[in-house]
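**Student:** Residue numbers (my numbering): 216 to 290.
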């Protein structure tokens with residue numbers, strides 16, 4: 216799970232420098248990371264002995280909006 220979140224951060228960090236092709240790559244990679252993370256979170260939530268240990272699923276639409284914003288933040 217932590218590795219997936221690190222990968223997510225790396226995608227968002229490189230986003231301002233991405234070309235048009237890079238933007239498409241970033242979007243598909245971010246979607247893959249979020250879907251994989253959500254499967255891991257779902258598995259964790261099913262295995263967790265209490266609700267206190269449950270984690271929220273990541274919102275794919277929100278993550279893609281954040282990516283679009285990062286793409287627009289060219290420095």
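Each residue gets a CB set at the ideal place from its N, CA and C atoms; glycine is no exception.
Quick test of the definition: if touching needs 3 or more C-beta pairs under 8 angstroms, does the segment 253 to 267 touch the segment 234 to 242?
**Tutor:** Touching, no, given that fewer than three Cβ pairs across the two stretches are closer than 8 angstroms.
**Student:** Under 8 angstroms Cβ to Cβ from residue 220, same chain only, skipping five residues before and after it: list those, please.
**Tutor:** Excluding residues within five positions, the ones whose Cβ falls inside 8 angstroms are 252.
**Student:** What's the gap between the Cα of residue 276 and the Cα of residue 234?
**Tutor:** Rounded to whole angstroms, residue 276 to residue 234 spans 21 angstroms at the Cα level.
**Student:** What residues in its chain sit with their C-beta under 8 angstroms from that of residue 269, if we drop five residues either side in the sequence?
**Tutor:** For residue 269, where only same-chain residues beyond five positions count, the Cβ hits under 8 angstroms are 259, 260 and 263.
**Student:** Is the CB-CB distance between residue 249 and residue 273 below 7 angstroms?
**Tutor:** Yes, the pair counts as a contact, with Cβ atoms nearer than the cut-off.
**Student:** If you run the structure through DSSP and keep just helix, strand and coil, what is residue 272?
**Tutor:** DSSP places residue 272 in coil when its eight states are reduced to three.
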